[in-house]
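Numbered by the working numbering, the letters in the sequence shown go through residues 1 to 323 in order.
First comes the structure, then the notes that go with it.
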Amino acid sequence: MTAEPVSPDLVVAAPVLTVSGAVHAYGGKPALRGVDLVLRPGEIYALLGPNGAGKTTLIRAICGRIRPDQGVVLVKGLDPTRVAGARSGLGLVPQEIALYPNLTVAENIQTFAALADVPRAGLAAAVTRALELTRTLDRAHVPIKHLSGGYKRRANIAAAIVHQPSLLILDEPTVGVDLDAREAVDAVIRGLRDVGVAVLMTTHDLDQADALADRVGFLSEGRLVLEGEPHALIAEAFGERMEVQVHLGHEIDAADEARLIAEGLERTSRSTVWARLEADGYAAAGRLGRRLREAGLTPREIRVREPSLAHLFTLVADRKLAA
Ligand code: ATP
């Protein structure tokens with residue numbers, strides 16, 4: 001009997017990471033309440049959630065630093081708390097720069113390669129590959145302490161990938177870096193995805209998650225309450241509606257606030273920016289602007305835009321969207 005040929009479209013790569021029913025508590029206080037998460041090669045997954053949601057606990061479980069009270073964590077099919085091979089399949093980039101400041105970029109990467117048991121014969125090639133993938137080759141012989149913030153972040157990533165992990169975990173990879181440096185880090189993360197690495201990142205920067213992630217997951221009180229491809233989630237939650245944003249040029253008093261609320265507007269994270277969702281965004285924005293001007297509340301600007309991941313996140317955090 002001959003086997004049927006399998007269409008390449010039907011071949012789904014085996015998961016790099018499988019978390020199934022993970023439950024964990026600290027001293028009886030739940031931190032994870034049943035988390036399921038599957039990551040395959042070549043995808044970027046952004047783990048989102050407010051402080052205390054359980055992100056760090058989940059990452060500790062994936063890295064084998066804690067064993068969940070219940071459930072299963074497998075990295076390339078192996079239990080990271082028991083099997084060293086599972087741990088060597090992952091790389092962790094901590095939020096803080098964890099490099100030797102007096103050593104050069106290349107010396108740091110060599111040091112981390114030795115710690116990760118990269119064979120001596122393949123060491124030079126592994127270091128060059130890590131430098132290339134993180135676009136730090138031009139700074140290879142510069143001590144870390146003399147690098148810009150963006151290069152330090154990328155060198156931090158280089159140290160975590162020198163042993164060629166299948167799963168790379170980044171904790172807030174661009175917190176506190178300027179826009180140019182952030183874009184350079186984002187490009188490195190995309191490049192790693194393109195060579196087949198599965199990337200799991202935590203971020204509070206929803207615009208970054210929107211731009212970078214193939215899938216996002218919202219963790220809330222130890223549960224993944226929403227998960228999916230960013231634009232599909234936004235489309236599902238908001239349909240055709242657009243966000244109308246009213247930008248006020250000045251701080252407002254209680255009477256103005258009541259007026260804005262009566263118009264169905266809600267305050268955003270900035271006190272002078274208010275927003276609402278509208279099916280016919282542009283026409284509604286025109287009508288709204290006229291009414292506000294008549295009420296003596298002349299907006300500096302009214303913008304109409306597609307709802308963002310930040311908007312969705314606000315709804316989830318405020319429990320206005322059923323999970
Ligand atoms: P953040 O964004 O602030 O880092 P997080 O989403 O990473 O938050 P965790 O650090 O996983 O959240 O915390 C989840 C819950 O577990 C919180 O209520 C936290 O107070 C608690 N917790 C975390 N680590 C410990 C610990 N070592 N001992 C006791 N409680 C802990």
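C-beta: ideal position from N, C-alpha, C; glycine also.
Query, Result
"Under 8 Å, with one C-beta from each stretch per pair, do the stretch 148-157 and the stretch 198-210 reach the 3-pair mark?", "no"
"CA-CA distance, L137 and L90?", "23 Å"
"Here's the rule: buried if 16 or more other CB atoms are within 10 angstroms of the residue's CB, otherwise exposed. What is E229?", "exposed"
"As a quick exercise: from A254, V188 and V83, pick the residue whose alpha carbon is nearest that of S271.", "A254"
"Does DSSP put D205 in a helix, a strand or coil?", "coil"
"Going by other Cβ atoms of all chains shown within 10 Å of its Cβ, with 16 needed for buried, is A322 buried or exposed?", "Here A322 scores only 49 on pLDDT, less than 50, and its place in the model should not be relied on; the value that follows carries that caveat. With fewer than 16 Cβ atoms within 10 Å of its Cβ, A322 is classed as exposed."
"Hey, would you say the C-beta of E176 is under 6 Å away from at least one heavy atom of the ligand ATP?", "In the sequence as displayed, the identity of residue 176 is Gly instead of Glu. Checking every heavy atom of the ligand ATP against the Cβ of G176, none is found closer than 6 Å."
"Can you name the start and end residues of the alpha helix (DSSP H) that Y151 belongs to?", "G149 to I161"
"How far does the alpha helix (DSSP H) with A195 in it extend, from its first residue to its last?", "A small correction: the amino acid at residue 195 is Val; Ala does not occupy that position in the sequence shown. That residue, V195, is in no alpha helix (DSSP H); it is neither H nor E in DSSP."
"Should E266 go down as buried or exposed, given a rule of 16 or more other Cβ atoms within 10 Å for buried?", "exposed"
"Between G49 and the ligand ATP, is the CB less than 6 Å from at least one heavy atom?", "yes"
"Run the CB neighbour count on S269, radius 10 Å, all protein chains shown included, and call it buried at 16 or more, exposed below.", "exposed"
"Can you tell me the Cα-Cα spacing of P173 and A187, whole angstroms?", "12 Å"
"Does the distance between the C-beta of T203 and the nearest non-hydrogen atom of the ligand ATP fall short of 6 Å?", "no"
"Which runs of the beta strand (DSSP E), 3 residues or longer, sit entirely within the stretch 89-135?", "90-93"
"Shorter than 6 Å, the distance from the beta carbon of K55 to the closest heavy atom of the ligand ATP, or not?", "yes"
"Is the beta carbon of L123 closer than 7 Å to that of A113?", "yes"
"On the DSSP letters alone, give me the boundaries of the beta strand (DSSP E) that D36 sits inside.", "K29 to L39"
"Work out the CA separation of A61 and V72 for me, nearest whole Å.", "9 Å"
"Where DSSP assigns a beta bridge to E243, which residues make up the other side?", "L277 and R305"
"What is the DSSP secondary structure of V188, counted as helix, strand or coil?", "helix"
"In chain order, what residues of the same chain have a beta carbon less than 8 Å from the beta carbon of P307, not counting five sequence neighbours either side?", "I234, A237, F238, R241, M242, E243 and L277"
"In the DSSP assignment, what residue or residues form a beta bridge with A22?", "V35"
"Roughly how many angstroms separate the alpha carbons of M1 and T128, rounded to a whole number?", "In this prediction, M1 scores a pLDDT of 48, lower than 50, which makes its location untrustworthy; the coordinate-derived value is nonetheless stated afterwards. The straight-line gap from Cα to Cα measures roughly 48 Å."
"Mark A283 as exposed unless 16 or more other C-beta atoms lie within 10 angstroms of its C-beta, in which case mark it buried.", "exposed"
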